[in-house]
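Residues in the sequence shown are numbered consecutively from 412, following our numbering. We put the CB at the ideal spot given by N, CA and C, even for glycine. Given the structure is predicted, the values throughout are model-derived calculations rather than measurements.
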Amino acid sequence: MDIRYSTGKEPFKRMTTEEIRDEFLIENIFIKNDVTAVYSHIDRIVTLGCMPVDETVKLDKNIDAMKDFGVDFFLQRRELGMINIGGDGLVVADGKTYEIKHYDALYLGAGTKEVTLASKDAKNPAKFYMNSTPAHCTYPSRIITYEQANHVHMGSQAESNDRTINQYIHPSILDTCQLSMGMTHLETGSVWNTMPAHTHERRMEVYFYFDFPEDQIVFHFMGEPNQTRHIVMHNDEAVINPSWSIHSGCGTSNYTFIWSMGGENRTYTDQDWIRTPDLR
(Lines of atoms letter the chains of each structure in order from A and count residues from 1; the text may use other names and numbers.)
(Lines give C-alpha, C1' and ligand atoms only; values in the text may rest on other atoms or scores of the structure.)
Protein backbone atom coordinates (compact mmCIF):
# COMPACT_ATOMS: atom_id res chain seq x y z
CA MET A 1 0.00 0.00 0.00
CA ASP A 2 1.29 3.42 -0.98
CA ILE A 3 1.24 5.97 1.85
CA ARG A 4 1.06 9.72 1.17
CA TYR A 5 1.73 12.37 3.82
CA SER A 6 -0.14 15.65 4.09
CA THR A 7 1.34 18.72 2.38
CA GLY A 8 0.43 22.22 3.57
CA LYS A 9 -0.23 25.43 1.68
CA GLU A 10 3.25 26.94 1.96
CA PRO A 11 5.27 23.91 0.76
CA PHE A 12 2.77 23.42 -2.09
CA LYS A 13 3.66 26.84 -3.54
CA ARG A 14 7.26 25.73 -4.03
CA MET A 15 6.65 22.20 -5.36
CA THR A 16 7.80 21.16 -8.83
CA THR A 17 5.56 19.38 -11.32
CA GLU A 18 7.14 16.06 -10.34
CA GLU A 19 6.67 16.70 -6.61
CA ILE A 20 3.01 17.64 -7.04
CA ARG A 21 2.37 14.50 -9.09
CA ASP A 22 4.20 12.28 -6.59
CA GLU A 23 2.18 13.63 -3.67
CA PHE A 24 -1.32 14.01 -5.12
CA LEU A 25 -1.69 11.92 -8.32
CA ILE A 26 -2.82 8.29 -8.13
CA GLU A 27 -1.91 6.23 -11.21
CA ASN A 28 -2.28 2.55 -12.22
CA ILE A 29 -5.46 2.10 -10.18
CA PHE A 30 -6.69 -1.00 -12.04
CA ILE A 31 -4.41 -4.05 -12.29
CA LYS A 32 -5.65 -7.47 -13.42
CA ASN A 33 -6.73 -9.65 -10.49
CA ASP A 34 -5.28 -7.28 -7.93
CA VAL A 35 -6.18 -4.52 -5.48
CA THR A 36 -4.32 -1.21 -5.39
CA ALA A 37 -4.46 1.08 -2.38
CA VAL A 38 -3.22 4.58 -1.60
CA TYR A 39 -3.48 5.75 2.01
CA SER A 40 -3.48 9.56 2.36
CA HIS A 41 -2.94 11.24 5.72
CA ILE A 42 -5.30 13.98 4.48
CA ASP A 43 -8.34 12.97 6.55
CA ARG A 44 -6.93 9.41 6.39
CA ILE A 45 -8.80 8.53 3.21
CA VAL A 46 -7.86 5.36 1.33
CA THR A 47 -8.33 5.16 -2.44
CA LEU A 48 -8.54 1.65 -3.89
CA GLY A 49 -9.08 -0.03 -7.24
CA CYS A 50 -9.82 -3.63 -8.16
CA MET A 51 -10.22 -5.27 -11.57
CA PRO A 52 -10.95 -8.97 -11.03
CA VAL A 53 -10.76 -10.68 -14.40
CA ASP A 54 -10.66 -14.46 -13.97
CA GLU A 55 -10.12 -14.69 -10.21
CA THR A 56 -12.00 -13.76 -7.04
CA VAL A 57 -9.97 -11.12 -5.23
CA LYS A 58 -9.91 -10.29 -1.52
CA LEU A 59 -10.36 -6.59 -0.74
CA ASP A 60 -7.51 -6.62 1.79
CA LYS A 61 -5.16 -8.58 -0.48
CA ASN A 62 -2.38 -6.00 -0.19
CA ILE A 63 -3.33 -4.47 3.16
CA ASP A 64 -1.77 -5.40 6.50
CA ALA A 65 -4.57 -4.17 8.79
CA MET A 66 -2.57 -4.44 12.00
CA LYS A 67 0.54 -2.77 10.60
CA ASP A 68 -1.17 -0.12 8.47
CA PHE A 69 -4.21 0.75 10.62
CA GLY A 70 -3.63 -0.86 14.01
CA VAL A 71 -6.80 -2.96 13.83
CA ASP A 72 -7.73 -6.61 13.33
CA PHE A 73 -9.25 -6.16 9.86
CA PHE A 74 -9.38 -3.34 7.30
CA LEU A 75 -12.97 -2.14 7.84
CA GLN A 76 -13.05 -2.67 11.60
CA ARG A 77 -13.15 1.12 12.16
CA ARG A 78 -13.77 2.19 8.57
CA GLU A 79 -16.60 2.51 6.04
CA LEU A 80 -16.18 2.03 2.29
CA GLY A 81 -17.92 3.10 -0.88
CA MET A 82 -17.41 1.76 -4.39
CA ILE A 83 -18.73 2.49 -7.87
CA ASN A 84 -18.35 -0.08 -10.63
CA ILE A 85 -17.23 1.56 -13.90
CA GLY A 86 -16.70 -1.74 -15.75
CA GLY A 87 -18.72 -4.83 -16.53
CA ASP A 88 -21.12 -6.46 -14.08
CA GLY A 89 -19.49 -7.66 -10.89
CA LEU A 90 -20.15 -9.57 -7.68
CA VAL A 91 -19.15 -8.45 -4.21
CA VAL A 92 -19.48 -10.81 -1.25
CA ALA A 93 -19.37 -9.07 2.15
CA ASP A 94 -19.55 -11.26 5.26
CA GLY A 95 -21.39 -13.92 3.29
CA LYS A 96 -23.93 -11.64 1.59
CA THR A 97 -23.69 -11.35 -2.21
CA TYR A 98 -24.25 -8.04 -3.98
CA GLU A 99 -24.55 -7.87 -7.77
CA ILE A 100 -22.97 -4.54 -8.75
CA LYS A 101 -23.75 -3.64 -12.34
CA HIS A 102 -22.15 -0.95 -14.49
CA TYR A 103 -22.46 2.45 -12.77
CA ASP A 104 -23.98 0.93 -9.61
CA ALA A 105 -22.56 1.74 -6.17
CA LEU A 106 -22.15 -0.22 -2.94
CA TYR A 107 -21.73 1.10 0.59
CA LEU A 108 -20.14 -1.15 3.23
CA GLY A 109 -20.53 -0.16 6.86
CA ALA A 110 -17.83 -0.31 9.52
CA GLY A 111 -17.26 -3.77 10.96
CA THR A 112 -17.48 -5.64 7.65
CA LYS A 113 -14.81 -8.33 7.99
CA GLU A 114 -14.48 -10.32 4.78
CA VAL A 115 -14.97 -8.80 1.32
CA THR A 116 -14.28 -10.44 -2.04
CA LEU A 117 -14.72 -9.02 -5.53
CA ALA A 118 -15.30 -10.84 -8.82
CA SER A 119 -16.47 -10.27 -12.38
CA LYS A 120 -19.40 -12.04 -14.02
CA ASP A 121 -17.64 -12.08 -17.41
CA ALA A 122 -13.86 -12.24 -17.75
CA LYS A 123 -14.12 -10.68 -21.21
CA ASN A 124 -15.85 -7.63 -19.72
CA PRO A 125 -14.39 -7.37 -16.21
CA ALA A 126 -15.75 -5.20 -13.42
CA LYS A 127 -13.68 -2.20 -12.38
CA PHE A 128 -14.40 -1.30 -8.78
CA TYR A 129 -13.27 2.20 -7.82
CA MET A 130 -13.35 2.60 -4.03
CA ASN A 131 -12.78 5.07 -1.21
CA SER A 132 -12.66 4.35 2.52
CA THR A 133 -12.78 6.79 5.46
CA PRO A 134 -12.64 6.32 9.26
CA ALA A 135 -16.00 5.56 10.88
CA HIS A 136 -17.12 5.94 14.50
CA CYS A 137 -20.20 3.71 14.23
CA THR A 138 -21.82 1.19 11.88
CA TYR A 139 -24.48 1.96 9.31
CA PRO A 140 -26.16 -0.73 7.18
CA SER A 141 -24.48 -1.83 3.97
CA ARG A 142 -26.53 -1.42 0.80
CA ILE A 143 -26.49 -1.13 -2.97
CA ILE A 144 -27.32 2.17 -4.61
CA THR A 145 -28.13 1.47 -8.25
CA TYR A 146 -27.65 4.10 -10.94
CA GLU A 147 -31.42 4.48 -11.10
CA GLN A 148 -31.65 5.05 -7.33
CA ALA A 149 -29.07 7.85 -7.31
CA ASN A 150 -30.11 11.50 -7.34
CA HIS A 151 -29.58 12.91 -10.84
CA VAL A 152 -29.03 16.67 -10.77
CA HIS A 153 -28.52 18.54 -14.03
CA MET A 154 -26.31 21.62 -13.92
CA GLY A 155 -24.48 23.97 -16.28
CA SER A 156 -25.08 24.66 -19.94
CA GLN A 157 -23.60 24.05 -23.37
CA ALA A 158 -22.91 27.78 -23.67
CA GLU A 159 -20.65 27.61 -20.59
CA SER A 160 -19.01 24.35 -21.74
CA ASN A 161 -20.16 22.61 -18.53
CA ASP A 162 -23.43 20.83 -19.39
CA ARG A 163 -23.32 17.99 -16.85
CA THR A 164 -25.30 15.64 -14.65
CA ILE A 165 -24.30 15.10 -11.01
CA ASN A 166 -25.26 11.61 -9.86
CA GLN A 167 -25.37 11.49 -6.05
CA TYR A 168 -24.97 7.94 -4.66
CA ILE A 169 -23.53 7.94 -1.15
CA HIS A 170 -25.23 11.17 -0.16
CA PRO A 171 -27.22 12.34 2.91
CA SER A 172 -30.49 12.20 0.98
CA ILE A 173 -29.86 8.57 0.01
CA LEU A 174 -28.39 6.89 3.11
CA ASP A 175 -26.62 7.52 6.40
CA THR A 176 -22.85 7.23 6.71
CA CYS A 177 -20.32 8.48 9.23
CA GLN A 178 -18.52 10.88 6.89
CA LEU A 179 -18.09 9.36 3.42
CA SER A 180 -19.87 10.91 0.43
CA MET A 181 -19.50 9.73 -3.17
CA GLY A 182 -21.00 10.56 -6.52
CA MET A 183 -20.33 10.63 -10.24
CA THR A 184 -20.49 13.59 -12.61
CA HIS A 185 -20.94 13.08 -16.35
CA LEU A 186 -20.17 15.84 -18.87
CA GLU A 187 -22.06 15.91 -22.14
CA THR A 188 -20.32 15.94 -25.52
CA GLY A 189 -18.90 19.41 -26.16
CA SER A 190 -18.61 20.24 -22.45
CA VAL A 191 -15.21 20.15 -20.75
CA TRP A 192 -15.33 22.22 -17.52
CA ASN A 193 -16.23 20.85 -14.10
CA THR A 194 -16.73 22.60 -10.76
CA MET A 195 -16.54 26.13 -12.08
CA PRO A 196 -16.94 28.61 -10.42
CA ALA A 197 -14.37 26.92 -8.20
CA HIS A 198 -14.74 26.48 -4.47
CA THR A 199 -13.06 25.12 -1.38
CA HIS A 200 -14.55 23.54 1.74
CA GLU A 201 -12.19 23.88 4.66
CA ARG A 202 -14.19 21.24 6.50
CA ARG A 203 -13.82 18.43 3.94
CA MET A 204 -11.19 17.04 1.58
CA GLU A 205 -11.97 15.45 -1.76
CA VAL A 206 -10.63 12.87 -4.21
CA TYR A 207 -11.43 13.15 -7.92
CA PHE A 208 -11.20 10.11 -10.21
CA TYR A 209 -11.32 10.87 -13.96
CA PHE A 210 -12.39 8.24 -16.50
CA ASP A 211 -14.45 7.50 -19.62
CA PHE A 212 -12.39 9.56 -22.03
CA PRO A 213 -10.14 8.47 -24.93
CA GLU A 214 -6.59 7.40 -24.21
CA ASP A 215 -5.24 10.15 -26.50
CA GLN A 216 -7.08 12.90 -24.59
CA ILE A 217 -6.26 14.50 -21.20
CA VAL A 218 -7.82 16.46 -18.37
CA PHE A 219 -6.09 19.40 -16.70
CA HIS A 220 -6.97 19.23 -13.01
CA PHE A 221 -6.55 22.52 -11.18
CA MET A 222 -5.70 22.67 -7.48
CA GLY A 223 -4.05 24.92 -4.92
CA GLU A 224 -5.14 28.05 -3.10
CA PRO A 225 -7.43 30.28 -5.21
CA ASN A 226 -4.62 32.80 -5.72
CA GLN A 227 -1.89 30.13 -6.15
CA THR A 228 -3.32 27.59 -8.59
CA ARG A 229 -1.37 24.75 -10.17
CA HIS A 230 -2.43 21.97 -12.52
CA ILE A 231 -1.89 18.24 -12.88
CA VAL A 232 -2.27 16.52 -16.26
CA MET A 233 -4.62 13.57 -15.79
CA HIS A 234 -4.98 10.53 -18.02
CA ASN A 235 -7.89 8.10 -18.16
CA ASP A 236 -8.52 6.11 -14.94
CA GLU A 237 -6.41 8.33 -12.69
CA ALA A 238 -7.28 10.04 -9.40
CA VAL A 239 -6.07 13.14 -7.57
CA ILE A 240 -6.10 13.92 -3.84
CA ASN A 241 -7.33 17.42 -2.94
CA PRO A 242 -6.67 18.93 0.52
CA SER A 243 -9.44 20.97 2.13
CA TRP A 244 -7.61 24.26 1.43
CA SER A 245 -7.37 23.53 -2.30
CA ILE A 246 -9.73 24.26 -5.14
CA HIS A 247 -10.63 21.23 -7.28
CA SER A 248 -11.67 21.85 -10.85
CA GLY A 249 -10.89 20.43 -14.25
CA CYS A 250 -10.92 21.08 -17.97
CA GLY A 251 -10.52 18.36 -20.58
CA THR A 252 -9.58 18.12 -24.23
CA SER A 253 -12.82 16.12 -24.56
CA ASN A 254 -15.80 15.43 -22.34
CA TYR A 255 -15.29 12.90 -19.53
CA THR A 256 -16.79 11.50 -16.34
CA PHE A 257 -15.41 11.74 -12.82
CA ILE A 258 -16.17 10.29 -9.40
CA TRP A 259 -15.92 12.61 -6.41
CA SER A 260 -15.42 11.33 -2.89
CA MET A 261 -15.39 13.43 0.27
CA GLY A 262 -14.53 12.95 3.93
CA GLY A 263 -14.17 15.35 6.83
CA GLU A 264 -16.13 17.26 9.44
CA ASN A 265 -19.58 17.13 7.84
CA ARG A 266 -21.61 15.69 4.96
CA THR A 267 -23.37 18.90 3.90
CA TYR A 268 -23.03 18.83 0.12
CA THR A 269 -23.75 22.57 -0.23
CA ASP A 270 -21.15 23.59 2.37
CA GLN A 271 -18.86 25.33 -0.11
CA ASP A 272 -16.77 28.49 -0.03
CA TRP A 273 -17.20 29.88 -3.54
CA ILE A 274 -14.49 31.80 -5.40
CA ARG A 275 -15.39 34.26 -8.11
CA THR A 276 -13.84 33.15 -11.38
CA PRO A 277 -12.18 36.58 -12.00
CA ASP A 278 -10.44 36.25 -8.60
CA LEU A 279 -8.54 33.07 -9.51
CA ARG A 280 -4.83 33.39 -10.08
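- Message: Using only the alpha-carbon positions, how far apart do Arg613 and Thr678 sit?
- Response: Taking the sequence shown and counting its residues from 1, the one referred to as residue 613 is at position 202. Taking the sequence shown and counting its residues from 1, the one referred to as residue 678 is at position 267. One C-alpha to the other measures close to 10 Å.
- Message: Only counting the same chain, and skipping five residues up and downstream in sequence, which positions put a Cβ closer than 6 Å to that of Lys512?
- Response: For the purposes of this step, residue 512 is identified with residue 101 of the sequence shown, where counting begins at 1. Closer than 6 Å at the Cβ level, and outside the excluded window around Lys512, lie Asp499.
- Tell whether a beta-carbon distance below 8 Å holds between Phe533 and Arg488. Locating residue 533 in the sequence shown gives position 122, counting from the first residue. Locating residue 488 in the sequence shown gives position 77, counting from the first residue. Correcting the residue type first, residue 533 is Ala in the shown sequence and not Phe. It is not a contact, given that the beta carbons lie outside the stated cut-off.
- Assign Arg455 to one of three DSSP states: helix, strand, or coil. Here residue 455 corresponds to residue number 44 of the sequence shown, with the count starting at 1. Judged by DSSP in its simplified three-state form, Arg455 adopts coil rather than helix or strand.
- Message: Less than 8 Å between the C-beta atoms of Ser583 and Asn665, yes or no?
- Response: Here residue 583 corresponds to residue number 172 of the sequence shown, with the count starting at 1. Here residue 665 corresponds to residue number 254 of the sequence shown, with the count starting at 1. For Ser583 and Asn665, no; Cβs fall outside 8 Å.
- Message: If I measure Cβ to Cβ from Thr458 and keep anything under 6 Å in the same chain, skipping five residues before and after, which residues do I get?
- Response: Here the question's residue 458 lines up with position 47 in the sequence shown. Excluding sequence neighbours, Thr458 sits near Ile437, Val449, Asn542, Val617, Ala649.
- State the Cα-Cα distance for the pair Phe539 and Pro463, rounded to the nearest angstrom. In the sequence shown, residue 539 corresponds to position 128, counting from 1. In the sequence shown, residue 463 corresponds to position 52, counting from 1. Computed Cα separation, rounded: 9 Å.
- Query: In angstroms, rounded to a whole number, what distance separates the CA positions of Lys531 and Gly566?
  - Reply: Position 120 of the sequence shown, counting from 1, holds the residue named residue 531. Position 155 of the sequence shown, counting from 1, holds the residue named residue 566. If I take the Cα positions, the gap works out to 36 Å.
- Task: For Cys548, count neighbouring Cβ atoms within 10 angstroms of its own Cβ and tell me buried if that reaches 16, exposed if not.
- Result: Indexing the sequence shown from 1 puts residue 548 at position 137. Per the 10 Å Cβ criterion, exposed.
- Query: When DSSP builds the beta bridges, which residues end up paired with Asp413?
  - Reply: By 1-based counting over the sequence shown, the position of residue 413 is 2. Answer is Val449.
- Could you have a look at Met606 and say whether DSSP puts it in helix, strand or coil? Position 195 of the sequence shown, counted from the first residue, corresponds to residue 606. If DSSP states are grouped into helix, strand and coil, Met606 belongs with coil.
- Message: Suppose you measure from the CA of Lys486 to the CA of Pro688; what does that come to, to the nearest Å?
- Response: As a first step, residue 486 is located in the sequence shown; it is residue number 75 there, counting from the start. As a first step, residue 688 is located in the sequence shown; it is residue number 277 there, counting from the start. One detail in the question is off: residue 486 reads as Leu in this sequence, not Lys. Between Leu486 and Pro688, the C-alpha separation is close to 44 Å.
- Message: I'd like to confirm the pairing. Which residues does DSSP put opposite Ala546 in its beta bridges?
- Response: In the sequence shown, residue 546 corresponds to position 135, counting from 1. Ala546 has no beta-bridge partner at all, per DSSP.
- Within 10 angstroms of the Cβ of His658, are there 16 or more other Cβ atoms? Answer buried if so, exposed if not. Here residue 658 refers to the residue found at position 247 when the sequence shown is read from its first residue. His658 should be labelled buried.
- Message: As a quick exercise: from Gly460, Met412, Ile440, pick the residue whose alpha carbon is nearest that of Lys404.
- Response: Outside the shown range of the chain, which is 412 to 691, sits residue 404, and nothing can be said about it.
- Query: Does the separation of the CB atoms of Asn439 and Thr447 fall below 8 Å?
  - Reply: Position 28 of the sequence shown holds residue 439. Position 36 of the sequence shown holds residue 447. Contact: yes.
- Message: Closest to Thr605 by C-alpha separation, out of Glu625, Glu434, Ser571, would be which residue?
- Response: Looking up residue 605 in the sequence shown gives position 194. It is Ser571.
- List the DSSP bridge partners of Glu616. The residue you call residue 616 lines up with position 205 of the sequence shown. According to DSSP, Glu616 bridges with Asn652, Met672.
- Message: Which same chain residues end up closer than 6 Å to Asn535 when comparing Cβ atoms and leaving out the 5 residues on each side of it in sequence?
- Response: As a first step, residue 535 must be located in the sequence shown, where it is residue number 124. These residues qualify, in order along the chain: Gly498.
- Query: Taking the C-alpha atoms as reference points, what is the distance between Thr527 and Asp505?
  - Reply: Start at 1 with the first residue of the sequence shown, and residue 527 comes out as number 116. Start at 1 with the first residue of the sequence shown, and residue 505 comes out as number 94. Distance between the alpha carbons of Thr527 and Asp505 is about 9 Å.
- Under the three-state DSSP convention, the category Glu525 falls into: The residue given as residue 525 occupies position 114 in the sequence shown. Glu525 sits in coil when the DSSP states are folded into three classes, being neither helix nor strand.
- Item | Every unbroken alpha helix (DSSP H) inside the segment 454-494 [4 residues or more] | 476-480
- Query: Near Ile628, what residues of its chain come up, given a Cβ to Cβ distance below 8 Å and the 5 sequence neighbours on each side ignored?
  - Reply: Here residue 628 refers to the residue found at position 217 when the sequence shown is read from its first residue. Same-chain partners within the cutoff: Val643, Met644, His645, Gly662, Thr663.
- May I ask you to list the residues that DSSP assigns as paired with Thr587? Taking the first residue of the sequence shown as 1, we reach residue 587 at position 176. Thr587 is not bridged to any residue.
- Cross-strand partners of Asn561 (DSSP beta bridge): By 1-based counting over the sequence shown, the position of residue 561 is 150. Looking at the DSSP assignment, Asn561 forms a beta bridge with Gln578.
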